[in-house]
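Reviewing the structure listed below.
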């Protein structure tokens, strides 16, 4: 039955123009073209095959990743790909590798923190991959708290060098990707000591390995930190451990754009504002939010297609069973995730604009929006990665037993995704940063300082404290203004209530610590509002294509009303809506699910994912699930022989009652 | 620093008798002794070592499991272990294996569904492991819906045999553990056809493999279905695929306790009540709830100990940082899970009593409590497994970055645990069964039929619809009666509201389908009430030991009030409590966290887990985390050589700009 499209009847049901939705999803026609071209390039190249990944031992897996990385780089050079194309190609190769850190952290660190001279020296080497770099910040005993790092960089004026040293076991660098086996260089973060005094944590370019034979340089101990969650997944990456025994580097390998150490060992601030670093943070977090929508949409695509293929129950007398996507329990779990994929896509797109805006302001020395932009990106990173990690696992469960097979693609997608909740800022730590900013914003409301950006709504304080939701019928919940007001009122009232609780503590820091769990909830409410409001803003734009906007309106409503249902306690306890209105929202949600149902397959087709990228038997475009599951099973190494290795030693003696004498 | 107890200061803080708590956790002094003895036996035996499991290839991993299973059986025979001891030993070996299915499903199926003659023939063989059996029910296309199975067993009166056949691809047996490579026999579920008529699904004992050379018998195709979630984890199990091509078995291999097929091919019901099967279901689900508390407590033990070792932030001027367990955000995520571990333990213990009660009633032909017992166990299976799966992943996140390492033990614990949400009844399907029972119970309230068992509270309908929570100060929430009433009122009001919504549908089945997501929520509310009420009942017993009961009272309150906070929308929308009372509950919860804090380490010590069983560097009893993490890293195969395999082929050509000519 090769070539048959088992989902054709589903695709025929769609009430909108899928090709136009693909453009909306990609962001522009150009973006779609690049993405589509690169996805096909990767999918058609046998070197990038990945369906056997879970069965490979660590060493073979890792060697295979080295091969893919080299091949990708070769293709990038041969085809003279642009940076945009190269990034897309690497993302469709879909395998964590040292190159992620080289391009994503090492190069940007030098660009952001290196002087002009340093950039001129190091960037050409890095751009040609004549050196391979990583980003060595976290230590065995130190993650979130960068100021707690223990590695030291002591200036020796006698030789004009820094001495990099790991004074304790817990100061061992730990986790940096690409460090364990591949990187020749690293940007190492260490406490600067000069003239016997500490001057905070700074970055230093340190060569780790010989460029001749790849052996670690004297004084350097380096290795891989071992296996991580899942099979395949992040085990393709050589996250590393690194210890320094008084390693000397020239003074000019400290990244000195913001602060310089002179020949005499004096610290001199440059005229470059420290705030520049926030620009990089906004950039990195924007990419993380964008990655969240990619990972989430992959999982949703798999679960949606399989839910249309899978049938269970519902037949009398042995007839055909009901597609599981037709069950309201399945819809109420799946469709909010589909809506979230689109919501995160659009808020990610908006963050790209925010990054440009912040960059332009920084260049004009306008720092006024920085704290807000920083809080906003921190919060969205936290919100979208937590939601995505949970959603991937929910999608796996929505695929029932078969979702547990590696061939479903979902276990590896989960295992490779979840570290996003921890890296680049632990999600709870980030929420507390948002909360701190919100409390400050609320406390300044009376002072005439106008809240900016995503907190601008707080200027309507009186309104938001008094407003009553006007919903009287279920359909009233389809109005964007009604939803927006409810979410604004909820977020603001929660912030105000927390601020009031805080004010009862004599010591504000103690209060903040004591109430931190409640404060994190207020931060979540604020961040959810951002996502909802950016989705609504997107819908205010002109969106061409038959039925496209209507579908997005439905998804926007689902996203918001599902959140309202999940966080109902917030909305009710702050009096933003009544129990009756909550019940109407639920009724409306159910009718929205029915509206999505015929469009569900087309809505995931719009992601335009190749079967290669999805990497899932359950999510195949053609829906030919059972035949391919069956075929995939026989490829397992255990099926190399009918009688398993170990039968003679362990099974046969058991069956023959001869264990007593067996040597096991 | 070997031998130092880094957590000694934490243990010294405990305000209760840990040894007495160990007895409470185990259930009795006898149970503690057996468990303690078996745990040490396994931990001290090098054959049962498991810390390298994640690094083994599938074949080596599987062979190693065969060795452990044979060794365990040898030890069981040599030491003449009792059934209780043997079960404990197998559970501490802590590795899914074919023996789980042999003892847990194959033997019980024959006991429960076989006639006296069949039991006499097959059980001695199984008890000595002269045959190894599995339980072949689910098919590639059929899981939850047993009545949808496609495999056929057609009676042939000419030869007095059944012909077992797989008519379609989707009828392939798929998932049964132990089937793929080991089992010689299976209980196969198939549609019985005799005289051209279908007679529902029944079990048949089918030999799969030769007892001489282990080759599959003619007409049988059997193999492994391939890799599953995680490394190590369930990949030690040979979940299998099985197809029949007209395989013939004697008529007396149909399990005929309830229904018999005569020599002439007639179906005759025996006088054994069909309800007997529910007894088995109650038993199996009780073990699943008990397993949930084991898995959850392991994860909590790891996260709690590591949270006391790990320090981050909080120091000014480079002093010692704050233990992360002292942060309220950490406490508010961790301590409810600690409380849940105890709550699930006690409800599991109660289920053991329920099973005995049901069994005795069945023997007396009293079926009156069966539907309630069935609903109750279905709901508790769903509730505890879903909560435990989420909790293990939450514990992993609570360990920050290091929780992502396999050496933390948490990734494998998660991967090996999650199928519990799907097997033995998908958790959502089970909730709907509970909801159906609850709707029936509510509808019969007026009719004079008294609700029994865990639904007995519904008899106080009027009370529960009118009662008002009396809480005025935070401490009022420490009263069990207050908590119980709030949970009863919430569950009952949600049920009544759902019943009213249902009654508006002309077709009740359509209504049930349409409202299923809301109905599942009512079922959850009811099941949470059961857990809370059984915890409270436990505390009404005499519990010896200094401070033991006080600690349990705190945990019980935390369990309940955390649920109240998470499901606040339920409580507020049904008017069971006011927003003010909700806020007081939150205040009380925070003070309870402070009370648990000094006892946290001792409360996880009370689980009495060996370091072998925990299998976690982060959860080590002595808290010597960093040294052991560092040592574990170097054991990874990637660290066999300093320069990785693949350097010459892939890294060097990249660095030397020689990729263009390289063959990759």
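Chains as they are written, first to last, in the working numbering: chain U, 1 to 664; chain W, 665 to 1328.
Yeah, the Cβ is synthetic: ideal placement off N, Cα and C, and Gly gets one too.
What's the C-alpha gap between residue i and residue j?
i, j, result
"residue 956 of chain W", "residue 1083 of chain W", "12 angstroms"
"residue 391 of chain U", "residue 792 of chain W", "46 angstroms"
"residue 733 of chain W", "residue 754 of chain W", "8 angstroms"
"residue 765 of chain W", "residue 895 of chain W", "21 angstroms"
"residue 364 of chain U", "residue 115 of chain U", "20 angstroms"
"residue 941 of chain W", "residue 776 of chain W", "7 angstroms"
"residue 465 of chain U", "residue 1237 of chain W", "20 angstroms"
"residue 288 of chain U", "residue 385 of chain U", "8 angstroms"
"residue 845 of chain W", "residue 879 of chain W", "10 angstroms"
"residue 676 of chain U", "residue 189 of chain U", "This structure cannot speak to residue 676 of chain U, because chain U is shown only from 1 to 664."
"residue 659 of chain U", "residue 870 of chain W", "25 angstroms"
"residue 304 of chain U", "residue 228 of chain U", "29 angstroms"
"residue 805 of chain W", "residue 626 of chain U", "8 angstroms"
"residue 1198 of chain W", "residue 632 of chain U", "46 angstroms"
"residue 935 of chain W", "residue 1097 of chain W", "27 angstroms"
What are the boundary residues of the alpha helix (DSSP H) that includes residue i?
i, result
"residue 371 of chain U", "370 to 398"
"residue 576 of chain U", "Element bounds for residue 576 of chain U: n/a, residue is neither H nor E."
"residue 556 of chain U", "548 to 566"
"residue 704 of chain W", "693 to 707"
"residue 993 of chain W", "992 to 1027"
"residue 66 of chain U", "58 to 78"
"residue 99 of chain U", "98 to 101"
"residue 1159 of chain W", "1144 to 1167"
Find the residues of chain W that neighbour residue i, judging by a C-beta separation of less than 9 angstroms, and give them in chain order.
i, result
"residue 612 of chain U", "Ordered by position in chain W, no residue passes the 9 angstroms Cβ test against residue 612 of chain U, which lies about 18 angstroms from the chain."
"residue 632 of chain U", "889, 890"
Within 10 angstroms of its Cβ, does residue i collect 16 or more other Cβ (buried), or is it exposed?
i, result
"residue 446 of chain U", "exposed"
"residue 1327 of chain W", "exposed"
"residue 661 of chain U", "exposed"
"residue 726 of chain W", "buried"
"residue 454 of chain U", "buried"
"residue 1320 of chain W", "exposed"
"residue 168 of chain U", "exposed"
"residue 438 of chain U", "buried"
"residue 697 of chain W", "exposed"
"residue 268 of chain U", "exposed"
Between which two residues does the beta strand (DSSP E) holding residue i run?
i, result
"residue 887 of chain W", "884 to 888"
"residue 871 of chain W", "861 to 871"
"residue 818 of chain W", "816 to 820"
"residue 259 of chain U", "259 to 261"
"residue 438 of chain U", "No beta strand (DSSP E) holds residue 438 of chain U; the alpha helix (DSSP H) holding it covers 427 to 443."
"residue 193 of chain U", "185 to 194"
Taking residue i as the query, report the chain U residues whose CB atoms sit under 9 angstroms from its CB, ordered along the chain.
i, result
"residue 818 of chain W", "In chain order: nothing, as chain U lies at least about 15 angstroms away."
Find the residues of chain U that neighbour residue i, judging by a C-beta separation of less than 8 angstroms, and give them in chain order.
i, result
"residue 1085 of chain W", "397"
"residue 741 of chain W", "659, 660"
"residue 1246 of chain W", "569, 573"
Please list, in chain order, the chain W residues whose beta carbon lies closer than 8 angstroms to that of residue i.
i, result
"residue 74 of chain U", "1323, 1324, 1326, 1328"
Along chain W, which residues have their Cβ under 7 angstroms away from the Cβ of residue i?
i, result
"residue 54 of chain U", "891"
(Q) Counting beta carbon pairs with one atom in the segment 1049 to 1065 of chain W and one in the segment 1073 to 1083 of chain W, are three or more of them shorter than 8 angstroms? (A) yes
Q) So, do the segment 134 to 153 of chain U and the segment 165 to 177 of chain U have three or more beta carbon pairs nearer to each other than 8 angstroms? A) yes
Q.
Under 8 angstroms, with one C-beta from each stretch per pair, do the segment 1206 to 1218 of chain W and the segment 681 to 694 of chain W reach the 3-pair mark?
A. Yes, they touch.
Q. Is it a yes or a no for the segment 150 to 159 of chain U touching the segment 187 to 203 of chain U, going by three-plus beta-carbon pairs under 8 angstroms?
A. yes
Q. For the 8 angstroms Cβ check, are there 3 or more pairs between the segment 3 to 17 of chain U and the segment 600 to 614 of chain U?
A. yes
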